[in-house]
Structures are given as C-alpha cells and as structure tokens.
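Visitor: Numbering (our numbering), first residue to last: -11 to 192. Even for Gly, the Cβ is constructed at its ideal location relative to N, Cα and C. These figures come from a predicted structure and were not determined experimentally.
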Amino acid sequence: MSYLIFGITYAFAAAVQPGPFQAFIISQTLSKGWRSTLPAAFAPMLSDAPIITLVLLILSTIPDNMVYLLQLAGGIFLLYLSYGAYNSWRTYDENQITKRQTGQQTLFKAAIVNLLNPNPYIGWSLIMGPLLIEGWRETPANGIALVLGFYLTLTICTAGIIILFAAARNLGPRVSKISIGISALALAGFGIYQIFMGVHRLFF
-11 MSYLIFGITY AFAAAVQPGP FQAFIISQTL SKGWRSTLPA AFAPMLSDAP IITLVLLILS
49 TIPDNMVYLL QLAGGIFLLY LSYGAYNSWR TYDENQITKR QTGQQTLFKA AIVNLLNPNP
109 YIGWSLIMGP LLIEGWRETP ANGIALVLGF YLTLTICTAG IIILFAAARN LGPRVSKISI
169 GISALALAGF GIYQIFMGVH RLFF
C-alpha cells in the first residue's frame, strides 16, 4: 500500500507542476480542442517505456552530459512547437481549428515532448527507479503497485487538465486566441530555458 500511495502522490505532483509537457497539452487543447488532445494524456505511458528500460539498465552509470544534450534537443523541439502554436494564433479560425490535427498526431507529438524532456529521466533515475528496484526485490507486487498508481494517476490528472482548459476555449474566439498566444510564449520560454541550461551545464 505504501508503494501505491507514493506512486499516486508523486504522479499528482508531476501532473500539476508546470513544465514543457503541460504547456504542450494546454496549447493543443486551446488550439485543437479536447477531443483531439485527450489521447495525449496517454503519452507518458507510450514514451516512458524506453525511458524506464534505459534508466533501470544503466541506473548508476548515466553520464551527466547525456541529460544536458537531451535538454538541448528538447529545447529545440519545444521552439518548433512554439512556432506551430504561433502560427495557430496568427491564422486563428474558429471554424477550422479542430480540423488541423488528428488525435493520433497529437499523441505522437506529446510522446516526443515527453521523450525529449529530461524530467522523466531525472525522476526515474533519482526517485522512481531506485524505489521500483527496492520494491520489486521485496515482492513484485510492490513494484507493480508503484507503477500502476503512478501512471493511472498521471493519466487521470492530465486528462483533467485537458478538460479544464477546454472550458476556456469555449469562452469565445478572442479568449481562445489570446490563450493560444500565451501558450506559444510558454512553449518558447520552456524551450529557451532548456537550451540555456543544457549549454550552461555542458560548457560552464
């Protein structure tokens, strides 16, 4: 039960804490609608599988430079997403907005955002990974409870965020357009921050 509770608590904290993934799903919700964005709630389940495998295999030997290079790649991709959100803001059309992207495309982009985000690597290498190994050695049920509690809670909370911000989209085209512009700035801000941190840690 303690492993299940920790998984739920940690997932809730990860879901509500502002970050690149949250900025992306909010941007997509406001510009594409909740129906095409809702599949993105399952992106961590899709993208974290290779992350977990990688971290558990080389948990104690991951070089710092790998995380910093990942920050650079993630920052560049976030700037690309910010440019897409800016184009959505510049050419905003309430009648066409929901036709631009399918749920599968949104899920794929969300998975890439999460895969290039250093937070899952750091979280799994420093927190979840060691706890999973410890719990699994005690009994496999502990490890299963930790993982299930984490991903079920993360998915439910992310879906809740999507539905919550979808309500803002229904307040009118002007509010939606302003919100899309803000989300574009947020994505750009996270992208610039990740690039800055990656460069700083690699060269300074």
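Can you have a look at P38 and say buried or exposed, based on whether 16 or more other CB atoms are within 10 angstroms of its CB?
Guide: With fewer than 16 Cβ atoms within 10 Å of its Cβ, P38 is classed as exposed.
Visitor: How far does the alpha helix (DSSP H) with F12 in it extend, from its first residue to its last?
Guide: Segment 8 to 20, the alpha helix (DSSP H) holding F12.
Visitor: Going by the CB atoms, is the gap between S15 and I168 shorter than 8 Å?
Guide: The answer is yes: Cβ separation under 8 Å.
Visitor: Decide if the segment 62 to 73 is in contact with the segment 135 to 149; the criterion is three or more beta carbon pairs, one per stretch, under 8 Å apart.
Guide: Output reads no: the segment 135 to 149 does not touch the segment 62 to 73.
Visitor: For P27, count neighbouring Cβ atoms within 10 angstroms of its own Cβ and tell me buried if that reaches 16, exposed if not.
Guide: It is buried - the Cβ of P27 has at least 16 other Cβ atoms within 10 Å.
Visitor: For T40, which option in V187, L120, S171 has the closest C-alpha, if you only look at C-alpha atoms?
Guide: The identity of residue 40 in the sequence shown is Ile, whereas the question assumes Thr. Nearest C-alpha to I40: L120.
Visitor: Taking the Cβ atom as the reference point for each residue, do T17 and F178 lie within a distance shorter than 8 Å?
Guide: Not a contact, by the Cβ cut-off of 8 Å.
Visitor: My assumption, with CB atoms under 8 Å, is that I115 sits in contact with Y(-9). Please give the rounded CB distance.
Guide: No, I115 and Y(-9) are not in contact; Cβ-Cβ is about 13 Å, not under 8 Å.
Visitor: Output the residue ranges of the beta strand (DSSP E) runs that lie fully inside the segment 64 to 144 and measure 3 residues or longer, sorted by chain position.
Guide: Qualifying beta strand (DSSP E) stretches: none in this window.
Visitor: Between which residues of its own chain and F192 is the CB-CB distance below 7 Å, once the five residues before and five after are set aside?
Guide: Nothing meets the Cβ criterion.
Visitor: Cα separation between A176 and T79?
Guide: Computed Cα separation, rounded: 18 Å.
Visitor: Of the residues I170, N105, P128, which one's Cα is nearest the Cα of L66?
Guide: That would be N105, whose Cα lies nearest to the Cα of L66.
Visitor: Assuming contact is defined by CB atoms lying nearer than 8 Å, are V101 and F9 in contact in what I supplied?
Guide: It is a contact, given that the beta carbons lie within the stated cut-off.
Visitor: Tell me the rounded alpha-carbon separation between S24 and N53.
Guide: When rounded, the distance between both Cα atoms is 36 Å.
Visitor: On a Cα-Cα basis, can you pick out the residue from I144, G21, F0, L134 that is closest to S76?
Guide: Measuring from the Cα of S76, the nearest candidate turns out to be G21.
Visitor: The alpha helix (DSSP H) that contains P38, what's its start and end?
Guide: Taken as a continuous stretch (DSSP letters only), the alpha helix (DSSP H) holding P38 covers 31 to 45.
Visitor: Using the Cβ count rule (16 or more neighbours within 10 Å means buried), how would you classify T127?
Guide: T127 should be labelled exposed.
Visitor: Please identify the residue among F30, M(-11), S19 whose C-alpha is closest to the C-alpha of G148.
Guide: For the residues F30, M(-11), S19, the minimum Cα distance to G148 belongs to F30.
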